[in-house]
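Quick notes on the structure that follows.
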Amino acid sequence: MVVPAGAIVVEVLNKDNYEHWSALVKNYLLAQDLWDVVEATAEPPIAEAEADQFIKAWRKKTPALYMQSKFHAGHMQKFKPQPFVPSNSTVQSATSSNNPGYYNDFHQYQPLFDAVWSGDWNKTNEFLTQHPNAIRGRVPSTNRTALHVATELEHEHIVEELVQLMSEEDLELTDKLGWTALAVAAKKGNLKMVECMVRKSKKILSIPVGTSNKTPIILAAIIEQWDVVHYLYSATPPQDLMPEKGPYGAGLLCNFITGMKFGIALELIQCCPQLVFTKNYSGVFPMQAFIPSAFPSGTRLKFWQRWIYNCIHIEGVISDIRVSVQNEGNEECNQMKITWSVVGFLQGLKSNLLELLGINRIRKIKQAHIQSFELLHHMCEVTKHRHSHDHVVPAIFKAIKRGMFEFTDTVLQARPDLMWFSNQKDRNLFHFAIECRQEKIYSLIYRLNKRKRIMIGHKADKSGNCALHVAGMLSPLARLDNISGAALQMQRELQWFKEVETIVLPRIKESPNYVDDMMPCELFTKNHKELVKEGERWMKESATSCTVVGALIITIMFAAAFTVPGGNNGETGFPIFLHKKLFMTFIVSDVISLFSSTTSVLMFLGILTSRYAEDDFLKSLPTKMIIGLSTLFISIATMMVAFSSALFIMIHEQSWIVIPVIFLASVPVTLFIWMQFPLLVEMYISTYGRGIFDRKVKSRA
Numbered sequence: 001m002v003v004p005a006g007a008i009v010v011e012v013l014n015k016d017n018y019e020h021w022s023a024l025v026k027n028y029l030l031a032q033d034l035w036d037v038v039e040a041t042a043e044p045p046i047a048e049a050e051a052d053q054f055i056k057a058w059r060k061k062t063p064a065l066y067m068q069s070k071f072h073a074g075h076m077q078k079f080k081p082q083p084f085v086p087s088n089s090t091v092q093s094a095t096s097s098n099n100p101g102y103y104n105d106f107h108q109y110q111p112l113f114d115a116v117w118s119g120d121w122n123k124t125n126e127f128l129t130q131h132p133n134a135i136r137g138r139v140p141s142t143n144r145t146a147l148h149v150a151t152e153l154e155h156e157h158i159v160e161e162l163v164q165l166m167s168e169e170d171l172e173l174t175d176k177l178g179w180t181a182l183a184v185a186a187k188k189g190n191l192k193m194v195e196c197m198v199r200k201s202k203k204i205l206s207i208p209v210g211t212s213n214k215t216p217i218i219l220a221a222i223i224e225q226w227d228v229v230h231y232l233y234s235a236t237p238p239q240d241l242m243p244e245k246g247p248y249g250a251g252l253l254c255n256f257i258t259g260m261k262f263g264i265a266l267e268l269i270q271c272c273p274q275l276v277f278t279k280n281y282s283g284v285f286p287m288q289a290f291i292p293s294a295f296p297s298g299t300r301l302k303f304w305q306r307w308i309y310n311c312i313h314i315e316g317v318i319s320d321i322r323v324s325v326q327n328e329g330n331e332e333c334n335q336m337k338i339t340w341s342v343v344g345f346l347q348g349l350k351s352n353l354l355e356l357l358g359i360n361r362i363r364k365i366k367q368a369h370i371q372s373f374e375l376l377h378h379m380c381e382v383t384k385h386r387h388s389h390d391h392v393v394p395a396i397f398k399a400i401k402r403g404m405f406e407f408t409d410t411v412l413q414a415r416p417d418l419m420w421f422s423n424q425k426d427r428n429l430f431h432f433a434i435e436c437r438q439e440k441i442y443s444l445i446y447r448l449n450k451r452k453r454i455m456i457g458h459k460a461d462k463s464g465n466c467a468l469h470v471a472g473m474l475s476p477l478a479r480l481d482n483i484s485g486a487a488l489q490m491q492r493e494l495q496w497f498k499e500v501e502t503i504v505l506p507r508i509k510e511s512p513n514y515v516d517d518m519m520p521c522e523l524f525t526k527n528h529k530e531l532v533k534e535g536e537r538w539m540k541e542s543a544t545s546c547t548v549v550g551a552l553i554i555t556i557m558f559a560a561a562f563t564v565p566g567g568n569n570g571e572t573g574f575p576i577f578l579h580k581k582l583f584m585t586f587i588v589s590d591v592i593s594l595f596s597s598t599t600s601v602l603m604f605l606g607i608l609t610s611r612y613a614e615d616d617f618l619k620s621l622p623t624k625m626i627i628g629l630s631t632l633f634i635s636i637a638t639m640m641v642a643f644s645s646a647l648f649i650m651i652h653e654q655s656w657i658v659i660p661v662i663f664l665a666s667v668p669v670t671l672f673i674w675m676q677f678p679l680l681v682e683m684y685i686s687t688y689g690r691g692i693f694d695r696k697v698k699s700r701a
């Protein structure tokens, strides 16, 4: 069916498109400030006489909308219209004229908003020529001007023309929620509309949205519209970002840091160092805005990506950065010229290849890490000259909780006195690192001399818990989830307890806390009772399944030793293929498989009959599991070798059958490696590796 010109939506309602059609109609009604008329409300209905009067007035104001809606609804009889009962808020919003600048006869300016909605500048210009004051007219319920509506709908050509007709004061008009048209354009991320408004007035740059204290540049930074942010930053006078002007500068700095835009953040700090000590609109200091991915410890790379990361050399660092719109324009122009040249083609080919291999992404990651280090160092230098600590103590505790080792290390080197500050529970930085199970951060304690380490281990919190009591508490679930299996989780908890025990005096090990009246070892047993049970169940289930596999291999390999391929010589009793090299391969692999599977079963039986005490999870049980899995792996591999050798001896002339079968024989070994080998490696490293703590940190007095 053909949709007539001037229809509300571009398609006719039918039984298949109601959801899409209704969304289009709702958008249109919202723009026309008529959604309140049809929206459900919890308010009581107005009087019938008043409702009739309002309906007649509403139909007179929007005859086109009324006829168009009747046209669309007429094509779908099964959607029956509901009785119309306007709410009190609708009538009030349609008749209110108390706000300054509001024009009483809104019906007179309705064609202007219709023209803006449809994107028709000719009709908009014609109306404004006849009614110049209509450019300041407001939509009753939202208090938005025509510029607000055009900006929301991103009609760029209309926005540009309206801005030319408006004064600087007109651009400062806000809607019901306190939004200027520039704030709307910044949230949309439309650079073209932002530029035309800022060229007209610089005052609107510093007008916040309502009571949120968020200026247009902060709104753009929150949604990471960085092209808009760069332009607004270059146009914003530096004095508008000073602390005495409010939280705008600190809020912008926090968004730069969170958005990994460390270059522009460093320039802002260099311009105004006092922002380090200023809270943003949420009451947060800039040093609290750093995120884990800004540092190497918070970035997960595969081994080959880590190798590329270490090989990449970043020549320049961020210093004396100046953001200029003119420079950006010149760079774009130069880039266009290069693109059309042969050199540009080769550079583009190289860039695409690096992008395909992921090298560009790794380069950007490393560059961000270097920039974050330089920014953090600069902020720490600023804090050295001020004895205040309110801005940095919450940041360092947050960094410890999130495992930001580089942040903690850099700040402590700049401000060593911070290690003695405590949180609400009266726990210092190292106690909190133990509580959060951040082993790299805890290892910083080995930079201290023995006396300071003893002081830290001796100090108790509000509940009388020393460092060893804190180690006896259960690890956060987020940290435990990174470890495979309950047995290894219990092992990690024991490693923590034993490590902290080395910095605690013997008498402290037996001192009870205030709340539970328990010694550290008693508190550890109480908090890890369930984990011990889970570890026991995990060990027994793993050992049981592996024992079944090992027993089957023993049976097969034992039988294969007496039923050799090709049979035996009837006269001598020796195997017929005794002198073939493949036969010796068969015998040796069969013997190795039999012995290794027997060893594996014995180890798993030792696990099943273990007493499962707490200390058993530290060395005894993991060692048995390592030996059992290793020998089981060897037995499976040698069993497949014996099978392949026997097959090749018997039908070596039929290679088209032998080769595919041997290939298939490698599938079980591959599956076993894929499922169990990572666990075996993790268990070996956890038990016999270098450990999770780094005691080789240089000592510092």
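The sequence shown: position 624 = 624 (full-length UniProt numbering), numbered continuously. Beta carbons: idealized from backbone N, C-alpha and C, even for Gly.
Checklist entry - By a C-beta neighbour count over all protein chains shown, 10 Å radius and 16 as the cutoff for buried, is Lys624 buried or exposed? => result buried
Checklist entry - Given a threshold of 16 other Cβ atoms within 10 Å of its Cβ, counted over all protein chains shown, does Pro678 qualify as buried or as exposed? => result So Pro678 counts as exposed.
Checklist entry - Does DSSP put Glu331 in a helix, a strand or coil? => result For Glu331, the predicted structure reports a pLDDT of 46, less than 50, and the residue's modelled location is therefore unreliable. The matter cannot be settled from this model.
Next on the checklist: Per DSSP, what are the beta-bridge partners of Ser422 in this structure?
Outcome noted: Looking at the DSSP assignment, Ser422 forms a beta bridge with Asn428.
Next on the checklist: Among Gly210, Ser234, Lys526, whose alpha-carbon lies nearest the alpha-carbon of Val194?
Outcome noted: Looking at the Cα atoms, Ser234 is the closest of the given residues.
Item to check | 7 angstroms Cβ shell around Gly189 - same chain, five flanking residues per side excluded | outcome: So the qualifying residues of the chain are Ala220, Ile223, Gln225, Val228.
Checklist entry - Taking one C-beta from the region 469-485 and one from the region 521-538 each time, how about it: are there three or more such pairs within less than 8 angstroms? => result yes
Checklist entry - Alpha carbon to alpha carbon, how far is Ala186 from Asn310? => result 39 angstroms
Checklist entry - If you drop the 5 nearest sequence neighbours on each side, which residues of the same chain put their C-beta closer than 7 angstroms to that of Val284? => result Cys254
Checklist entry - Alpha carbon to alpha carbon, what distance is there between Trp307 and Ile454? => result 39 angstroms
Checklist entry - DSSP state of Val184, grouped into three classes? => result helix
Next on the checklist: Here's the rule I'm using: 16 or more other beta-carbon atoms within 10 Å means buried, otherwise exposed. How should His528 be labelled?
Outcome noted: buried
Checklist entry - Around the C-beta of Gly196, are 16 or more other C-beta atoms found within 10 angstroms, so that it is buried, or is it exposed? => result A quick correction: the sequence has Cys, not Gly, at residue 196. Cys196 should be labelled buried.
Checklist entry - Between Met683 and Ile626, what straight-line distance do the alpha-carbon atoms span, to the nearest angstrom? => result C-alpha separation (whole angstroms): 7 angstroms.
Next on the checklist: Spatial neighbours of Lys192 within its chain, please: C-beta separation below 7 angstroms, excluding the five flanking residues on both sides.
Outcome noted: Glu156
Next on the checklist: Taking 8 angstroms as the threshold (C-beta atoms), are Leu494 and Leu618 in contact?
Outcome noted: yes
Checklist entry - Exposed or buried, what is Asn327 when buried is set at 16 or more other beta-carbons lying within 10 Å of its beta-carbon? => result Legend: pLDDT at Asn327 = 47, less than 50; position of this residue unreliable, value from coordinates given subsequently. Burial call: exposed.
Next on the checklist: Here's the rule I'm using: 16 or more other beta-carbon atoms within 10 Å means buried, otherwise exposed. How should Ala150 be labelled?
Outcome noted: buried
Checklist entry - Are the Cβ atoms of Ser644 and Ile662 separated by less than 8 angstroms? => result yes
Checklist entry - Cα-Cα, which of Leu480, Ser297, Ala181, Val139 is closest to His148? => result For the residues Leu480, Ser297, Ala181, Val139, the minimum Cα distance to His148 belongs to Ala181.
Item to check | Straight-line Cα distance separating Val276 from Gly263 | outcome: 16 angstroms
Checklist entry - With Thr631 and Ser589 assumed to form a contact (beta carbons below 8 angstroms), what rounded beta-carbon distance in angstroms separates them? => result Incorrect: roughly 14 angstroms between the Cβ atoms, too far for contact.
Next on the checklist: Quick check for students: name the residue ranges of the alpha helix (DSSP H) that lie wholly in the region 488-528, counting only runs of 4 or more.
Outcome noted: 506-509, 520-527
Checklist entry - So which of Glu152, Glu172, Lys123 has the shortest CA-CA distance to Arg136? => result Glu172
Next on the checklist: Measuring straight from C-alpha to C-alpha, what distance separates Ser511 and Asn428?
Outcome noted: Cα to Cα, Ser511 sits roughly 19 angstroms from Asn428.
Next on the checklist: Using the three-state DSSP reduction, which class does Trp307 fall into: helix, strand or coil?
Outcome noted: helix
Checklist entry - Applying the criterion that 16 or more other CB atoms from any shown protein chain within 10 Å of the CB defines a buried residue, is Asp175 buried or exposed? => result Asp175 comes out buried.
Checklist entry - Helix or strand or just coil, what does DSSP make of Trp121? => result helix
Checklist entry - Hey, residue 738 and Ala486 are a contact pair by Cβ (cut 8 angstroms); roughly how many whole angstroms apart? => result Because the chain spans 1 through 701 in this model, residue 738 falls outside it and cannot be assessed.
Next on the checklist: On a Cα-Cα basis, can you pick out the residue from Lys401, Ile396, Ile685 that is closest to Trp420?
Outcome noted: Ile396
Item to check | Pairwise C-alpha distance: Ala146 and Val163 | outcome: Roughly 10 angstroms between the two C-alpha positions.
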